[in-house]
Structures are given as structure tokens and as C-alpha cells.
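Here is the structure we will look at, set down as C-alpha cells.
Number of protein chains: 2
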Amino acid sequence: MAVELITRYAEEFLAEGALESISGEAEQAGALVADGEGEGSAFLGWRDLPCGYDRGEFDDILRTARKIIADTDVLIVIGVGGSYLGARAVVEFVHSQHYNALPKKTPDIYFAGNSLSPDALNELLTLCDGKRVSLIVISKSGTTTEPAIAFRIFRKYMLERYTPQEAAGRIYITTDREKGTLRRLAVQEGYKTFVVPEDIGGRYSVLTAVGLLPIAAAGVDICALMQGAVDACAAYREPCFEANPCLRYAALRNLFYRTGKSVEMFVSYEPSFAMMNEWLKQLFGESEGKDGKGLFPASAIYSTDNHSLGQFVQEGSPILFETVVLFDKPKTDIVMGVEEDDGDELNYLAGVEMSQINYKAFQGTVLAHNTGKVPNVVLRLDRKDEYNLGWLIYFFEKACAVSGYILGVNPFDQPGVEQYKKNMFALLGKPGYEASKRELEKKLGL
Amino acid sequence: MAVELITRYAEEFLAEGALESISGEAEQAGALVADGEGEGSAFLGWRDLPCGYDRGEFDDILRTARKIIADTDVLIVIGVGGSYLGARAVVEFVHSQHYNALPKKTPDIYFAGNSLSPDALNELLTLCDGKRVSLIVISKSGTTTEPAIAFRIFRKYMLERYTPQEAAGRIYITTDREKGTLRRLAVQEGYKTFVVPEDIGGRYSVLTAVGLLPIAAAGVDICALMQGAVDACAAYREPCFEANPCLRYAALRNLFYRTGKSVEMFVSYEPSFAMMNEWLKQLFGESEGKDGKGLFPASAIYSTDNHSLGQFVQEGSPILFETVVLFDKPKTDIVMGVEEDDGDELNYLAGVEMSQINYKAFQGTVLAHNTGKVPNVVLRLDRKDEYNLGWLIYFFEKACAVSGYILGVNPFDQPGVEQYKKNMFALLGKPGYEASKRELEKKLGL
Numbered sequence: 045m046a047v048e049l050i051t052r053y054a055e056e057f058l059a060e061g062a063l064e065s066i067s068g069e070a071e072q073a074g075a076l077v078a079d080g081e082g083e084g085s086a087f088l089g090w091r092d093l094p095c096g097y098d099r100g101e102f103d104d105i106l107r108t109a110r111k112i113i114a115d116t117d118v119l120i121v122i123g124v125g126g127s128y129l130g131a132r133a134v135v136e137f138v139h140s141q142h143y144n145a146l147p148k149k150t151p152d153i154y155f156a157g158n159s160l161s162p163d164a165l166n167e168l169l170t171l172c173d174g175k176r177v178s179l180i181v182i183s184k185s186g187t188t189t190e191p192a193i194a195f196r197i198f199r200k201y202m203l204e205r206y207t208p209q210e211a212a213g214r215i216y217i218t219t220d221r222e223k224g225t226l227r228r229l230a231v232q233e234g235y236k237t238f239v240v241p242e243d244i245g246g247r248y249s250v251l252t253a254v255g256l257l258p259i260a261a262a263g264v265d266i267c268a269l270m271q272g273a274v275d276a277c278a279a280y281r282e283p284c285f286e287a288n289p290c291l292r293y294a295a296l297r298n299l300f301y302r303t304g305k306s307v308e309m310f311v312s313y314e315p316s317f318a319m320m321n322e323w324l325k326q327l328f329g330e331s332e333g334k335d336g337k338g339l340f341p342a343s344a345i346y347s348t349d350n351h352s353l354g355q356f357v358q359e360g361s362p363i364l365f366e367t368v369v370l371f372d373k374p375k376t377d378i379v380m381g382v383e384e385d386d387g388d389e390l391n392y393l394a395g396v397e398m399s400q401i402n403y404k405a406f407q408g409t410v411l412a413h414n415t416g417k418v419p420n421v422v423l424r425l426d427r428k429d430e431y432n433l434g435w436l437i438y439f440f441e442k443a444c445a446v447s448g449y450i451l452g453v454n455p456f457d458q459p460g461v462e463q464y465k466k467n468m469f470a471l472l473g474k475p476g477y478e479a480s481k482r483e484l485e486k487k488l489g490l
Numbered sequence: 045m046a047v048e049l050i051t052r053y054a055e056e057f058l059a060e061g062a063l064e065s066i067s068g069e070a071e072q073a074g075a076l077v078a079d080g081e082g083e084g085s086a087f088l089g090w091r092d093l094p095c096g097y098d099r100g101e102f103d104d105i106l107r108t109a110r111k112i113i114a115d116t117d118v119l120i121v122i123g124v125g126g127s128y129l130g131a132r133a134v135v136e137f138v139h140s141q142h143y144n145a146l147p148k149k150t151p152d153i154y155f156a157g158n159s160l161s162p163d164a165l166n167e168l169l170t171l172c173d174g175k176r177v178s179l180i181v182i183s184k185s186g187t188t189t190e191p192a193i194a195f196r197i198f199r200k201y202m203l204e205r206y207t208p209q210e211a212a213g214r215i216y217i218t219t220d221r222e223k224g225t226l227r228r229l230a231v232q233e234g235y236k237t238f239v240v241p242e243d244i245g246g247r248y249s250v251l252t253a254v255g256l257l258p259i260a261a262a263g264v265d266i267c268a269l270m271q272g273a274v275d276a277c278a279a280y281r282e283p284c285f286e287a288n289p290c291l292r293y294a295a296l297r298n299l300f301y302r303t304g305k306s307v308e309m310f311v312s313y314e315p316s317f318a319m320m321n322e323w324l325k326q327l328f329g330e331s332e333g334k335d336g337k338g339l340f341p342a343s344a345i346y347s348t349d350n351h352s353l354g355q356f357v358q359e360g361s362p363i364l365f366e367t368v369v370l371f372d373k374p375k376t377d378i379v380m381g382v383e384e385d386d387g388d389e390l391n392y393l394a395g396v397e398m399s400q401i402n403y404k405a406f407q408g409t410v411l412a413h414n415t416g417k418v419p420n421v422v423l424r425l426d427r428k429d430e431y432n433l434g435w436l437i438y439f440f441e442k443a444c445a446v447s448g449y450i451l452g453v454n455p456f457d458q459p460g461v462e463q464y465k466k467n468m469f470a471l472l473g474k475p476g477y478e479a480s481k482r483e484l485e486k487k488l489g490l
């Protein structure tokens, strides 16, 4: 089993028998996911995706990625939320946060259309100067404001740089199978397209074309990534509390929530996991943060953040628990040497691998935080590679769905995201929002 | 006044008269900072720093930065916590998160020694290949494990690349004025040094040599940065509730804390503010997270995170309020054009500047979150430049100190950071920690 769930640093903070007492709820919640009988079950497409995905499309993704790698220096990936975080998280975890700066045979990748900052967008245009550029645009409807604006600007840019036919050959669209403005545009202009499955929400979509095309274009081994998810899918199929760590992790989270913890902090000891933390924050926050409920998802990279958030965790308000994702083997290592004069007093580490020092930092931290009465759930994986990551992604998706059902919410909708969109449309004067515009401007004192 | 404190989206969530009722406490806390009579007042050096800093050292920083810019392609800045976050935050805010990738006349800058990941360190070594490299090492004691390990490895690297004399001319040390391993090493090897002031803790040190040298080496105008802080220092001197927004912001934070909010989320609409958010998380989390108290500091970049954390903010557990930092004018802008067929349905925005769209996103979000009963404190600044940033940094430092005193903690110590360090030393077998090693290993089940 690729993910080992370690509970020894968490269980002492639970009442005797607490885990057993919630096991029935967890199994019921697991059964809702397994049977598709729960709320939002029209969005369970991610559940069996790894085992049943469209091999034809998968091969097409691989072929298209090879074309992009061959003819592109800078790949701009336009998308927001679930159409953005998963791909960026996987690329940065497998390669590095410094992926673009490191020597490589694959294109630089920048993510656009996830904010409305003109400075951020202008920078990306600068970074394209003189480079061979391709675009991947990801949006189910095509009308989400952030990516739509970015695509309008980048499409114009492409037509200034290339002939219409050349530009069309460098623009890839991942959208709804049939409808929407992006689908229409793609048909009209002859862009190559991929599909956002109807039954998979954005935050569960990283293993569909949404995530896989940019990930493959970064030279990440998506076959190994999917294989990890396939094996996890098989391992976590049965809603049996004892045998299924997804259920046990979901149960632990809910138990801590019920005993007054309001924040779950996702922790890693690898800086390259930082965007995976962001992906986790969307997955859990958007799935559970509704009906006035849910754990607030936060994140930290240790040991960096021992020197910033560590003080709060150790001695601050007792409102959080930590979920630590740990990788046994790094991709590379460094053995500490000896120095003759030992001026920095580090010779006691001579011969020790840096990965071991990092592991001792984890052990030291988990014991310190336990002393500070902060429970730690630990998820331990073998190595930092595509297979383990695919497994981990599926583990979290399944655990999140189960956890949401234990909490008593629909883990697959996000009704609260609409309010800001509607307000923004009205304030921007979008046709059809006139009445609400006047009301909002009054609230703003305009 | 460079920072305008807007409370209209927050006050409706307070009881009538709440602000007045806390004003006396805020003024007392402000007086503790002004008079230096509070706990931890040995670390008040940041308070008058902008007005009274060492001009000789400042000029030396400017000269040294010019040398680094002239003879360096890659600058490695080694430091952790407060010796790292401030510099990185300012460089990324003023330039960009893509600073290293953008065309420029200043060196690439990478931050090392803030984690224990061998992969992260090996990557930085790769990025130095064939480049002219300089190091800035920042550590008060010189014995903090993360930067000490990174410096040992990079010092070895420099001696492989350069003669001892050349290497010495490319290594800069910011440390204690007199004592510690780094000071000894610098004297012995003839490294150029700068001083970590004795009376300023790490998280308040960005406007000392700790932050200023790497910031200046990135071509940031540190004169304007300091001028902003100088003017803020003068503007916020008096502990008068009505006239001093630092006190009013500190009061608001404490009021929300007392009414059951446990999380403060720092929000910006500029992706380049992301590391400033991290700096804020250390400043407030480490200053206030003690004695079982304090607001948990979190952060978001909108509108990106509207599509991830937004659902939780709008409809999840009612445990948070937001502090939004808003900049009126971007560095650059983009005017939306017209497209003949309006296939993406964005023509209603034709002629609108993207910065205006971003501003409407703010307005739409603040009203949406108010509807969701989430208070928003807004800090509005004129433009994204060094002057405004220097002002903002001072504003937050002062507000944080005042807020800590209102909360009843010492805002200048961080006793909780020691536990993990001690545990790690013991587990690594550092001489002197033998007894504790056995005890900890027992807890780990070893």
C-alpha cells in the first residue's frame, strides 16, 4: 500500500473508543460513495476514472504533449481553480518549484487566467517575447471571467505572432464535450479539443484531460501517475473501516472537528509540495466549507514554517491539528562532510544524509507539537515520484468525499462561489444584471 | 496618509459601541510601545529604526548591492524565518513572482537554507552551474541548523569554483555585531559583514541589513522603501485611538478575536503579494500565537482563491474575518478590446481597464463575504511601489506590537520555536543532548 496512515501521534488526543464509535458513520459514508446514493452523486465520475478512463483520449493527450514539447518554448496554461491548481501542483511536485529555471527538454510553463491582475498578465506576455508559444485553455463553460479575459488577450497575441492557421495549431481547448462558448469557438477556429467530463467537478479533475495535458507537456510520466491512481482505486474500493485508510483518515478529521479543532494544517517537508498543499486546500475547503460547517484548510512547509507558524502551532490557540505528508526517499541526496576546523559546529553530522536530517526534523517537530497538544496525522509514502503522487491524489479525493458525507454536506457542489461572480458581473455592467448593480452600488456607498 | 483604513465592511459585525469600549486598551497598548514599558521592550529597535538608522551602513549596503549586481548572475540568499521572508516578499512584490525569469540587469536570486530538503538544495546548486555566483548568509547566531547546513555546502561549492580570495570576495555575512560562529568565520576568512541589530527580532528585521542587502541587490529602490517607513513612523507615533490607524486596526483584530473569530485571512488581489502574505503570517502568528491565545493567520490571493477557498469563506464555519490589502494603481494596465463576433461574450467590457475589473472583483467579493457574515477590514494604498510598501510594512509592524499588548502577550519573543529545535538536535545526536535523545526515541517507538 503506497500510503501508510500513521495515527500514533493523533490517537492520544481522542477519547477512548472514539474511533470505534465513528466507524459506523464512516462506513455509511463510504457506502454512499461506493453506491452512488449520496447527495451530489451526479459528480462521482472521479471515483472509477482511473480504472475506466478513455484510452483513446489518453493516447491523444500523450501525442499532443509530444507535439507541444517539440514545437514550444513557452506553454501558457489558462484556467482557474480546479482547472489550474492540480496541473501546477503535479508539475511542481514532480519537477520543482524552479521547473522553469532548471535545464530541461520540455517547455517553460506559466499559468494565466487565474487572477485579474494586469501586471501579472503583462509579465506573462513579456515572458513570451521571441519564444515559440502554445496555449492550453481549460474552462468547462468558457464564460468564467478570469480565463475568458486571459484567453481573449492571448488569442489576440497569438494572431499578432502567427498566421491564423499557425495560431490554430498552437491552441488547445479543454472544455465541455458539446456546449459552451469555448466549444463553439474551437469548432469555428479548428482548435484541437479535449473534454472536461460532465460528471467530475473542477477540484476532482486533475486526472482527466484538464490536468493531464499540461502535466504531460511538462514531461511528467502520466502513465505512472495514472497507475498509482488505478492501484489506489482498487485498494480503497471497499467501504470497510478497518481495511480502508481513506475511511479512517476521514473519521479522524471529523473527530477532531467535533472536539473543537477548527483548522486542519496540511504539512510537508518538501518545498516542492507547496502547490499540492494549495490543491488540498481547494479540495477540502470547497467540498466541506458549507452549511456553516467544515474544517478551515491551512498549510505549511516545514522546516521553513517552523520558523514562522511554528510558534503558533506550538503555543497558540489550541484550534488546529496537522496532517503531515511524508516521503521516505528524496530524488537526490547530499551527504554531510567533515571540516577540519568545524567552525560552524556541524561536524557531528558528518556522514549523515541530508534526507535523514530532514526526517529527524519531522520526528522532532511531531513530538514537539504533541507536547503542545497538537494532534498529528501522518501519511507516509515511499518516494517522490509520479506513481506515489497518483496514489496520494486518489487517496485524498476518496477521503474527502467520505469525510464530506460524514460531516453531512454535499461534497461535490460549491454554491457559495456564485455570489461573488454575480456581484462582479453586476458591478461590471454585464447585460442582465442592471437591478442588482444599483443595489450593490448603494451598499458600497456609491 | 499612505494606508487608508476602511472599516465600513467590518463595523456592522461589531456590537454597538464596541470600538469605543476597546479604545482605552488600545491606547494603553500603544503607550507601552511608545514608552518601551511593555514586556519584551528590549526588542523595540524596529520602532524608531526608519528615523534613526545607521546612514553609514545604509550607504555600504547600496555600494555592496552595486558590486553584487555588477559581478553576479546568481545570488544565493541563505537564511530562514525572519532572515528570509521579508527580503523575498519585498523583491517579489516590487518586481514579480517571476522576477528570475523576467529580463533584467540584476542577478537571479534564490533563497536557500530555509528547508532541509536535499532535492531543493541540489536544484539550487544546479542553477548555479556556469554562472557567476555570490552568497549572502543571514543568521544572528550562525548555529541555526537550516542556514548553517546550506552555508557549509555552498561554501564548499564556492571553494571548488573560485580561489579562496575570490570566494571570500563573493560571500557576505549578516550576523551579530560581535559574537557567534558566523562572526568568527567572517573575521577569519575576511568576508564582508553587516549587522543584525541586537534589539530587533527576526520578524521585524526586514528594514535592517537583514532585508535591505538582498532587496537592494534585486534593484529595488531601498531609499524609497525606507522613506515610506520614515513617513509611517512619524504618522503613527502618537498612541491616539482616533488619529492612529495602527491602533484602530489592532483593536478591530482583537474585537473579532473576542467575538469568536479564530482565523484572520490576509487577502490581496495581486499575485505578487503572495510572499508578503507569508511575511504577515510570521509577523502576526509568531508575535501573538502564545499562552494558548492568538488569531491563526491564513492568506489568500483573490480572485484566484475565490475559486478554491471562496466557498469556505462564503458558507463554511463562521470562524474567520478578512484583512484585505488593496492597491489602487497597478504598475501596468491592459484595456479590453472589441471583437467583431463577440464569441466569448466579453464585449461588454470593451474599453474597460483590467485594473478596474480587478477592483470590481474586490467590490463584488467584499459584498458577497459580508452577505456570508464575514467581516472585511480593508487597507487601501495608492500604488504598488517601494514607498507604499515601506509604509505598509511599518504599519503592520506597529499594529502587530500594539495588538499583541492588547491581547496580553509579549509580542517580541518566540519561546515555542525552541522545542522542535531541541528535539531535532537530540535526535540528530548533537553532543550534550544524549539524555533527551533516549527519551524521545522511546516516544517514537524506536
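Protein chains in written order, with the numbering used here: chain A, 45 to 490; chain B, 45 to 490.
The C-beta atom is built at its ideal place from N, Cα and C for all residues, glycine as well.
Keep in mind it's a predicted model, so treat the numbers as computed, not measured.
Starting from the C-beta of Leu63 of chain B, find all residues in its chain whose C-beta is less than 6 Å away, skip the five residues before and the five after it, and write them out in chain order. none
Presumed contact (8 Å Cβ cut-off) between Cys444 of chain B and Ser343 of chain B, rounded CB distance: So it is not a contact: roughly 15 Å between Cβ atoms.
Confirm, please, whether the CB-CB distance from Leu423 of chain A to Tyr293 of chain A is below 9 Å. yes
For Val239 of chain A and Pro191 of chain A, believed in contact at Cβ under 8 Å, the rounded distance: The C-beta distance from Pro191 of chain A to Val239 of chain A rounds to 17 Å, too long to meet the 8 Å contact threshold.
CB Lys305 of chain A to CB Pro419 of chain A, shorter than 9 Å? yes
Starting from the Cα of Tyr301 of chain A, find the closest Cα among A:Phe57, A:Glu48, A:Leu49, A:Ala46 and give me that residue. It is A:Phe57 whose Cα lies nearest to the Cα of Tyr301 of chain A.
Identify which residue in B:Cys277, B:Val382, B:Phe406, B:Phe440 has its Cα closest to the Cα of Phe469 of chain A. B:Phe406
Can you name the residues of chain A whose CB is closer than 7 Å to the CB of Asp377 of chain B? Pro162
Would Leu49 of chain A and Val421 of chain A qualify as a contact pair, given that the criterion is a beta-carbon distance under 9 Å? yes
Test: Ser178 of chain B CB closer than 9 Å to a CB of chain A: no
Tell me which same chain residues have a C-beta within less than 6 Å of the C-beta of Tyr128 of chain A, skipping the five on either side of it? Phe155, Asn158
Quick one: what does DSSP say Arg214 of chain A is sitting in, helix, strand or coil? coil
Which two residues bound the contiguous beta strand (DSSP E) that contains Ser312 of chain A? 307 to 312
Unbroken alpha helix (DSSP H) runs of length 4 or more, entirely within the segment 415 to 456 of chain A: which are they? 430 to 451
Could you tell me whether the Cβ of Glu478 of chain A comes closer than 9 Å to any Cβ of chain B? no
Buried or exposed: where does Thr303 of chain A fall if 16 or more other Cβ atoms within 10 Å of its Cβ makes it buried? exposed
Where does Ser65 of chain B land, buried or exposed, given buried means 16+ other C-beta within 10 angstroms? exposed
Ile197 of chain B: CB within 8 Å of a non-hydrogen atom of the ligand SAH: The ligand SAH is not part of this structure, which contains no ligands at all.
Looking only at its own chain, which residues have a Cβ that is under 7 Å from the Cβ of Leu171 of chain A, when we skip the five neighbours before and after it? Val118, Tyr154
Within-9 Å CB hit, Asp173 of chain B to chain A: yes
Decide if the segment 167 to 187 of chain B is in contact with the segment 205 to 223 of chain B; the criterion is three or more beta carbon pairs, one per stretch, under 8 Å apart. yes
For the alpha helix (DSSP H) containing Ile113 of chain B, name the first residue and the last one. 99 to 115
Rounded separation between Asp388 of chain A and Glu483 of chain B - CA only: Distance between the alpha carbons of Asp388 of chain A and Glu483 of chain B is about 27 Å.
Here's a check: name, in chain order, each residue in its chain whose Cβ is nearer than 6 Å to the Cβ of Ser541 of chain A, leaving out the five neighbours to either side. Shown here, chain A extends from 45 to 490; a query on residue 541 of chain A therefore has no answer.
Rounded to whole angstroms, what is the Cα-Cα separation between Tyr431 of chain A and Ser67 of chain A? 29 Å
Rounded C-beta distance between Ile113 of chain B and Pro151 of chain B? I'm assuming under 8 Å. 7 Å
May I have a chain-ordered list of the alpha helix (DSSP H) segments no shorter than 4 residues that lie completely inside the segment 194 to 238 of chain A? 208 to 212, 225 to 233
Using only the alpha-carbon positions, how far apart do Arg82 of chain A and Asn454 of chain A sit? Rather than Arg, the amino acid found at residue 82 of chain A in this sequence is Gly. Between Gly82 of chain A and Asn454 of chain A, the C-alpha separation is close to 8 Å.
Would a check of beta-carbon distances place Thr237 of chain B closer than 9 Å to chain A? no
Assumed close pair Val77 of chain A, Val307 of chain B - CB separation to whole angstroms, cut-off 8 Å: Going by Cβ atoms, the distance from Val77 of chain A to Val307 of chain B rounds to 29 Å, so no, they are not a contact pair.
So for Ser178 of chain A, helix, strand or coil by DSSP? strand
Show which residues of chain B have a CB atom less than 8 Å away from the CB atom of Ala318 of chain A. Those do not exist, as Ala318 of chain A stays about 10 Å from chain B at its closest Cβ, beyond 8 Å.
Under a three-way DSSP split, which group does Val124 of chain A fall into? coil
Bridge-paired residues (DSSP) for Ser343 of chain B: B:Phe310
As a quick exercise: from B:Val264, B:Lys334, B:Lys375, pick the residue whose alpha carbon is nearest that of Leu428 of chain B. It should be noted that the sequence gives Lys, not Leu, for residue 428 of chain B. For Lys428 of chain B, the nearest C-alpha among the options comes from B:Lys375.
Looking at the structure shown, is Glu366 of chain A part of a helix, part of a strand, or coil, going by DSSP? strand
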